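Chemist:
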Amino acid sequence: MGARGKVLLLVVPAALLALSLTLTSCSSLPPLEGRVASTAFVETDDTRLGKALLPLTMAHPGLVGIHALADGRDAFAARAVLAQAADRSLDVQYYIWRNDTTGMLMFDALTKAAERGVRVRLLLDDNNTAGLDGALAALDAHPLIEVRLFNPNAIRSMRMVGMAADFMRLNRRMHNKSFTADNQVTIVGGRNVGDEYFGAAGEISFADLDVIAAGPVVRAVSDDFDLYWNSPSAYPLVLLAPDAIAEPAFKPDAEAQAYLDAIKRSAFLEQLVGGSLPLEWARTKFVSDDPAKVVGKAAREANIAVKLKELLGEPTRDLELVSPYFVPGKEGVDAFVDLAGKGVQTRILTNSLEATDVAAVHAGYAKWRKPLLEAGVTLYELRREATDEPSREKRGSGSGIGSSDASLHAKTFGVDGNRVFVGSFNFDQRSIHLNTEMGVVIDSPALAARLTETLDRTLPTRAYEVRLDERGAVIWIERRGDQVIRHETEPGTSWFKRAAVKALSWLPIDWLL
1 MGARGKVLLL VVPAALLALS LTLTSCSSLP PLEGRVASTA FVETDDTRLG KALLPLTMAH
61 PGLVGIHALA DGRDAFAARA VLAQAADRSL DVQYYIWRND TTGMLMFDAL TKAAERGVRV
121 RLLLDDNNTA GLDGALAALD AHPLIEVRLF NPNAIRSMRM VGMAADFMRL NRRMHNKSFT
181 ADNQVTIVGG RNVGDEYFGA AGEISFADLD VIAAGPVVRA VSDDFDLYWN SPSAYPLVLL
241 APDAIAEPAF KPDAEAQAYL DAIKRSAFLE QLVGGSLPLE WARTKFVSDD PAKVVGKAAR
301 EANIAVKLKE LLGEPTRDLE LVSPYFVPGK EGVDAFVDLA GKGVQTRILT NSLEATDVAA
361 VHAGYAKWRK PLLEAGVTLY ELRREATDEP SREKRGSGSG IGSSDASLHA KTFGVDGNRV
421 FVGSFNFDQR SIHLNTEMGV VIDSPALAAR LTETLDRTLP TRAYEVRLDE RGAVIWIERR
481 GDQVIRHETE PGTSWFKRAA VKALSWLPID WLL
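Going by UniProt numbering, the sequence shown wraps up at 513, each residue one higher than the last.
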């Protein structure tokens, strides 16, 4: 080997080491000195929400009033009304908050609440806040609003550099979603904040699910919010972006006004404001991960997967599972096979390859289809097809109905026709091992029956039924009216996309999915 080769052997590792040290030093987070702890307000029965709910909660001691929010516009309206109805506090926690029409409208709702004297605490996972520092700084500048970012990236302008420098930490995220007003009413479920979650159209519209909850479980949600808010992973925005320039106050444009006008015309809003919203009163338990999970320090028994198994129990008759990102892994597949062997009827709905917004996740799922089907598990994949949402072209004028493609985003399980889970937990390796999650387990035969009825009614027309043919190969059955179409390759996809997903399935990346 010549001198030049020896020099390269010495110089290249040294350069890589120097780069690594530079990235590490640049990616260090600021100290939390001066951060002030706070907790949820407890004495809120004298608020408007408290007074309105007191007769109902007294009539249903120990139970929680539940209303499911399957419609995106209803889900936005519910949050907007709670922001308007709050007298003392709003505690808001999300994984994604988009810089779009509904995201800015919701920021505006929080600001208006603070202007009325409501304390607002906004906790966002930092993974999706790129481009939001200015808007968040405007919120944080209000004396009654505080913004904190969870598990933040110390490098604000070049986030990929920060991710490379601190991947093992930043790969773990806070996936929780809750919106709590006056410690009296909360909304939990699968939705983030953004147009695709709230029926404001765009290129894709998510089929999602939240629940409004009133009663004892709200205190548990507030206590959990406090745990995250005061955890070592929650950084005040001012420490991370002290030089962020606050953006001007949001003024709804024609697009935003058209959306608000559509919300005002909804029957749901009339029920919500008028106090006639039907509630299902049921025993309800809150379940969540310890925030220490994002730094790998949570006890195993604190894992939401363990808690869910305890609360939902072992299915003995049937299991309905809806999960947009379904990566069961060998352990999960073995559990489903075992259930099927015991006679438990198991039906799973997830995204098809054409409908998923994360193709890599499909790679972690597709390899397990065949053993699940061989065991007798019933498997459906949502089709990507038109939904009745305002189109991107027509939203600006506020006229007409167009279409946007559908993708599943709801996360719900039904067990034995008695218990239902609604929350942020996907049945994938990321939810189980990496991200923090939350949700509610509801003991309600009525809600469980509604889930089953909804799947019975919609799956034949909205999803592909996945089967094995006479040779044992995976096929997809599509029903359109009286027509039955058999697909022998993943429908609605190109050869290149299928090949790319197949290649990804060979990589040892399931733990990331």
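Built from N, CA and C at the ideal position, the CB exists for glycine as well.
Since we're looking at a predicted model, the values are computed, not measured.
1) Are the beta-carbon atoms of residue 427 and residue 286 separated by less than 7 Å?
2) Taking buried to mean at least 16 other C-beta atoms within 10 Å of its own C-beta, is residue 31 buried or exposed?
3) Over the uninterrupted beta strand (DSSP E) stretch that includes residue 505, give me the two end residues.
4) Among 433, 505, 234, 478, whose alpha-carbon lies nearest the alpha-carbon of residue 367?
5) If I follow the unbroken alpha helix (DSSP H) through residue 229, where does it start and stop?
6) Using 8 Å for Cβ pairs, my map puts residue 407 next to residue 351. What's the rounded Cβ distance?
7) By the 10 Å Cβ neighbour count, where 16 or more other Cβ atoms means buried, how is residue 525 classified, buried or exposed?
8) How should residue 224 be labelled, buried or exposed, when 16 other C-beta atoms within 10 angstroms of its C-beta is the threshold for buried?
9) Roughly how many angstroms lie between the CA atoms of residue 212 and residue 420, to the nearest whole one?
10) Counting beta carbon pairs with one atom in the region 71-82 and one in the region 36-43, are three or more of them shorter than 8 Å?
11) How many Å lie between residue 59 and residue 274 at the Cα?
12) Take residue 241 and list the residues in its own chain whose beta-carbon comes closer than 8 Å to its own, dropping the five residues that flank it on each side.
13) Thinking C-beta only, is residue 380 closer than 7 Å to residue 463?
14) Residue 435 and residue 172 look like a contact to me (Cβ under 8 Å); what is the Cβ gap, rounded to whole Å?
15) In angstroms with no decimal places, state the Cα-to-Cα distance between residue 458 and residue 382.
16) Residues in the same chain with beta-carbon distance under 7 Å from residue 50, minus the five sequence neighbours each way, listed in chain order, please.
17) Pick out the complete alpha helix (DSSP H) segments inside the region 321-365, 4 residues or longer, and give them in chain order.
18) DSSP three-state label for residue 198, please.
19) Within a Cβ cutoff of 8 Å, which residues of the same chain sit near residue 481, ignoring the five residues on either side of it in sequence?
20) How many Å lie between residue 56 and residue 105 at the Cα?
21) Go through its chain and collect everything with a Cβ distance to residue 126's Cβ below 7 Å, but skip five positions before and after it.
22) What residue does the beta strand (DSSP E) around residue 210 start on, and which one ends it?
23) Counting Cβ pairs, one atom from each stretch, are 3 or more of them under 8 Å apart for the region 85-94 and the region 463-476?
24) In angstroms, rounded to a whole number, what distance separates the CA positions of residue 354 and residue 513?
25) Where do the ends of the alpha helix (DSSP H) carrying residue 251 lie?
26) What is the DSSP secondary structure of residue 260, counted as helix, strand or coil?
27) Give me whichever residues DSSP pairs with residue 125 in a beta bridge.
28) Tell me, please, which residues DSSP counts as bridged to residue 267.
29) Quick check on the DSSP output: the beta strand (DSSP E) that includes residue 93 runs from which residue to which?
30) Spatial neighbours of residue 250 within its chain, please: CB distance less than 7 Å, with the 5 preceding and 5 following residues excluded, ordered by chain position.
31) Please report the straight-line C-alpha distance between residue 28 and residue 170, rounded to a whole angstrom.
32) Of the residues 122, 115, 208, 232, which one's Cα is nearest the Cα of residue 72?
33) Residue 145 and residue 118 - do their beta-carbons sit closer together than 7 Å?
34) Counting along the chain, where does the beta strand (DSSP E) carrying residue 443 start and finish?
35) Quick check on residue 236: does DSSP put it in helix, strand or coil?
36) Based on the DSSP secondary-structure assignment, which residues constitute the bridge partners of residue 285?
Modeler: In this structure, then:
1) Going by C-beta atoms, residue 427 is not nearer than 7 Å to residue 286.
2) Result: exposed.
3) From DSSP, residue 505 is part of no beta strand (DSSP E) but of the alpha helix (DSSP H) over 495-505.
4) Here the closest residue by C-alpha is 505.
5) Where residue 229 is concerned, the enclosing alpha helix (DSSP H) stretches over 217-229.
6) Indeed they touch by this definition, with Cβ atoms about 6 Å apart.
7) Outside the displayed range of the chain (1 to 513) lies residue 525, so it cannot be described from this structure.
8) Buried.
9) Rounded to whole angstroms, residue 212 to residue 420 spans 14 Å at the Cα level.
10) By the Cβ criterion, the region 36-43 is not in contact with the region 71-82, since fewer than three pairs of Cβ atoms, one from each stretch, lie closer than 8 Å.
11) If you draw a straight line from the Cα of residue 59 to the Cα of residue 274, it is about 19 Å long.
12) 133, 136, 137, 156, listed in sequence order.
13) Yes. Within cutoff.
14) In this structure residue 435 touches residue 172 by the C-beta definition: roughly 6 Å separates them, less than 8 Å.
15) Taking the straight line joining both Cα atoms gives about 10 Å.
16) 44, 182, 184, listed in sequence order.
17) Segments of the alpha helix (DSSP H) lying fully in the region 321-365: 329-341.
18) Residue 198 falls in the coil class under three-state DSSP.
19) So no residue of the chain qualifies.
20) C-alpha of residue 56 to C-alpha of residue 105: approximately 31 Å in a straight line.
21) Shown here for residue 126: same chain residues with a beta carbon closer than 7 Å to its own, the five before and five after excluded, namely 149, 150, 151, 152, 153 in chain order.
22) Counting along the chain, the beta strand (DSSP E) containing residue 210 begins and ends at 210-214.
23) Segments in contact, no.
24) Residue 354 and residue 513: Cα-Cα distance of roughly 18 Å.
25) Bounds of any alpha helix (DSSP H) do not take in residue 251, whose DSSP letter is neither H nor E.
26) DSSP places residue 260 in helix when its eight states are reduced to three.
27) Answer by DSSP bridge pairing, in chain order: 150.
28) BP columns for residue 267 are empty, so no partner.
29) Note, residue 93: beta strand (DSSP E), 89-94.
30) These residues qualify, in order along the chain: 104, 107, 108.
31) When rounded, the distance between both Cα atoms is 12 Å.
32) Here the closest residue by C-alpha is 208.
33) Contact flag unset, no.
34) Per DSSP, the unbroken beta strand (DSSP E) holding residue 443 starts and ends at 438-443.
35) DSSP, read as helix, strand or coil, puts residue 236 in strand.
36) For residue 285, which the question treats as bridged, DSSP gives the partners 441.
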